[in-house]
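Input: a single structure, listed below in structure tokens.
Numbering (UniProt numbering), first residue to last: 1 to 534.
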């Protein structure tokens with residue numbers, strides 16, 4: 001028994017051929033020493049002729065057990081020592097490891113602390129593969145096999161956290177390759193990325209720059225390769241959204257260059273069909289050397305109605321100066337809101353989602369200007385599919401964030417400044433001074449109030465809530481007639497799911513409307529509270 005894993009109760013010889021100690025009525029009782037055939041010995045407590053109580057049993061090959069005996073069987077707790085130096089100390093049942101215990105190998109730098117079942121690792125436990133404890137696994141075990149949820153830290157420093165099956169990564173998990181500055185979050189099959197996932201490449205910062213570079217792919221994987229539909233966001237600000245085959249753009253796709261120009265069409269073998277020579281400099285990841293600060297902003301339908309010459313002059317001169325005047329503060333605000341509800345990142349850099357953008361809009365009281373969040377989504381729609389207009393998962397680059405602010409500034413304040421030219425920059429400065437500077441980063445509401453709960457909600461329940469929302473939505477009465485939810489639909493949903501009285505819920509919600517939607521009071525003679533969009 002040199003491995004420390006095959007000692008069975010049947011190998012315990014129980015009938016001694018010699019005994020030294022006390023006897024009562026001819027039976028061994030109290031302390032004693034017994035020798036068995038084959039050279040095994042026992043020293044400890046006896047009761048009614050049986051090993052019972054604390055004692056030490058030593059096999060002829062040098063293996064030793066010290067602990068509790070119950071009627072000749074090792075039970076409850078004890079310590080095994082093998083002749084190769086291996087040690088187990090912990091719970092024992094019927095002579096085998098069962099319950100919580102610690103094992104250390106004498107011939108390999110391996111140790112395990114956790115739960116056992118019938119001599120095998122089973123339940124929660126941590127195994128260390130080296131003496132420095134730099135390589136380890138901590139998580140679920142089933143019959144000596146990694147099965148369930150667990151975290152694996154490799155000697156290189158790379159870390160995997162997620163689901164396991166038959167000792168390999170399988171299911172949903174997150175892998176961080178510290179050695180090559182990469183990270184993957186998504187589905188695994190038999191140790192390989194397969195299914196939907198997010199892969200991030202962290203690039204080196206430029207000298208004298210505080211902003212990191214990162215490339216990010218979000219989409220389908222097949223056997224560890226980008227295959228299917230996916231979006232690739234380049235560190236330069238360029239974006240490709242379309243079909244992939246074996247890590248290459250292939251099929252229909254849309255490529256947005258860092259200057260804002262757009263190509264939409266067919267790709268073959270990573271090349272644009274219509275402009276094959278245009279690809280080399282546009283999408284070469286090795287050539288990334290700067291962050292696009294975003295001099296191109298969408299203008300929206302309202303801006304298109306103004307004089308094109310005046311708009312061009314205002315945009316490229318006055319608006320850019322207005323943005324640059326507050327660029328540091330706006331970048332700080334973008335970073336703050338994009339990290340809400342997010343887990344740790346290598347470079348502490350995140351992309352803002354639509355859900356975080358809504359939180360920013362509400363904190364800055366944009367909805368106090370006689371415009372709802374649903375109406376803002378319609379204004380900022382661009383080419384977003386109708387069914388995804390209110391999707392909380394949509395990501396916003398920093399330049400898109402700035403573009404949205406300019407368009408909302410025009411929508412909210414153009415009436416006040418339309419007599420003063422150039423008024424677009426004045427609308428933007430008015431919005432910054434009135435809405436953003438005084439209230440940004442003072443997070444309101446319940447969702448983002450506690451970091452731990454927020455991370456749990458964002459990771460575990462956001463997709464489910466989005467699915468429920470879409471299931472109970474109805475087409476809007478306004479163009480583009482997307483699916484939306486009114487207060488009456490929300491109350492009906494609560495009634496269906498929880499069987500709460502519509503009257504009680506409606507009364508409570510009608511009182512809270514004044515706080516959550518201030519513009520409602522201004523419209524109370526025009527719109528019933530049941531018809532307000534949420």
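Even glycine gets a Cβ: it sits at the ideal position worked out from N, Cα and C.
Assuming residue i contacts residue j under a Cβ cut-off of 8 Å, what Cβ separation, rounded to an integer in Å, is found between them?
| i | j | result |
| --- | --- | --- |
| residue 30 | residue 21 | 7 Å |
| residue 126 | residue 113 | 6 Å |
| residue 173 | residue 162 | 2 Å |
| residue 365 | residue 439 | 6 Å |
| residue 223 | residue 194 | 6 Å |
| residue 103 | residue 91 | With 8 Å as the limit, residue 103 and residue 91 do not qualify as a contact, their Cβ atoms being about 12 Å apart. |
| residue 138 | residue 150 | 6 Å |
| residue 322 | residue 429 | 5 Å |
Going by DSSP, what residues sit across from residue i in a beta bridge?
| i | result |
| --- | --- |
| residue 128 | 111 and 136 |
| residue 77 | 91 |
| residue 117 | 120 |
| residue 16 | 36 |
| residue 96 | 93 |
| residue 200 | 183 and 216 |
| residue 266 | 252 |
| residue 65 | 57 and 80 |
| residue 41 | 35 and 58 |
| residue 233 | 216 and 239 |
| residue 553 | In the structure displayed, the chain extends from 1 to 534; residue 553 sits before or after that span and is not available. |
Helix, strand or coil, according to DSSP, for residue i in the structure here?
| i | result |
| --- | --- |
| residue 473 | coil |
| residue 399 | helix |
| residue 366 | helix |
| residue 392 | coil |
| residue 507 | A caution first: residue 507 carries a pLDDT of 47, below 50, which makes its placement in the model unreliable, though a value can still be read off. Helix. |
| residue 104 | strand |
| residue 181 | coil |
| residue 444 | coil |
| residue 247 | coil |
| residue 23 | strand |
| residue 190 | coil |
| residue 439 | helix |
| residue 361 | helix |
| residue 154 | coil |
| residue 241 | strand |
| residue 164 | strand |
| residue 57 | strand |
| residue 332 | helix |
| residue 28 | strand |
Out of the options, which has the shortest C-alpha to C-alpha gap to residue i?
| i | options | result |
| --- | --- | --- |
| residue 58 | 35, 186 and 154 | 35 |
| residue 132 | 153, 140, 124 and 119 | 153 |
| residue 367 | 165, 431 and 473 | 431 |
| residue 165 | 188, 184 and 182 | 188 |
| residue 400 | 380, 434, 390 and 121 | 380 |
| residue 233 | 38, 441 and 398 | 398 |
| residue 120 | 336, 135, 105 and 141 | 141 |
| residue 124 | 108, 130, 143 and 134 | 143 |
| residue 338 | 106, 108 and 448 | 448 |
| residue 427 | 407, 204 and 359 | 407 |
| residue 473 | 387, 416, 429 and 446 | 387 |
| residue 182 | 248, 122, 72 and 200 | 200 |
| residue 392 | 60, 469, 101 and 213 | 469 |
| residue 405 | 390, 90 and 358 | 358 |
| residue 271 | 243, 27, 476 and 423 | 243 |
| residue 213 | 204, 466 and 221 | 204 |
| residue 219 | 27, 184, 235 and 136 | 184 |
| residue 55 | 38, 37 and 77 | 77 |
| residue 190 | 196, 128 and 168 | 168 |
| residue 96 | 106, 116 and 424 | 116 |
| residue 446 | 479, 248 and 362 | 362 |
| residue 425 | 402, 215 and 75 | 402 |
| residue 318 | 423, 437 and 229 | 423 |
| residue 24 | 465, 50, 484 and 235 | 50 |
| residue 130 | 70, 228 and 106 | 106 |
| residue 262 | 274, 171 and 269 | 274 |
| residue 75 | 86, 98, 88 and 60 | 98 |
| residue 466 | 475, 484 and 477 | 484 |
| residue 38 | 52, 26, 17 and 268 | 17 |
Taking CB distances under 8 Å as the criterion, tell me whether residue i reaches chain B.
| i | result |
| --- | --- |
| residue 90 | Judged by its chain identifiers, the structure shown contains no chain B, having just a single protein chain. |
* Is there contact between the stretch 75-88 and the stretch 57-67, where contact requires at least three CB pairs shorter than 8 Å? -> Contact between the stretch 75-88 and the stretch 57-67 is present, because at least three Cβ pairs lie under 8 Å.
* Counting Cβ pairs closer than 8 Å, one from the stretch 372-380 and one from the stretch 401-411, do we hit at least three? -> With a cut-off of 8 Å on Cβ pairs, the stretch 372-380 is in contact with the stretch 401-411, counting three or more such pairs.
* Assess, as a yes-or-no matter, whether the stretch 174-185 is touched by the stretch 154-162 under the definition of 3 or more beta carbon pairs within less than 8 Å. => The stretch 154-162 is in contact with the stretch 174-185.
* May I ask you to verify whether the stretch 253-260 touches the stretch 223-240, counting CB pairs closer than 8 Å and requiring at least 3? => Yes, the stretch 253-260 touches the stretch 223-240.
* Does the stretch 318-330 touch the stretch 353-363, meaning 3 or more C-beta pairs lie closer than 8 Å? -> Taking a contact to require three or more Cβ pairs closer than 8 Å, the stretch 353-363 and the stretch 318-330 do not qualify as touching.
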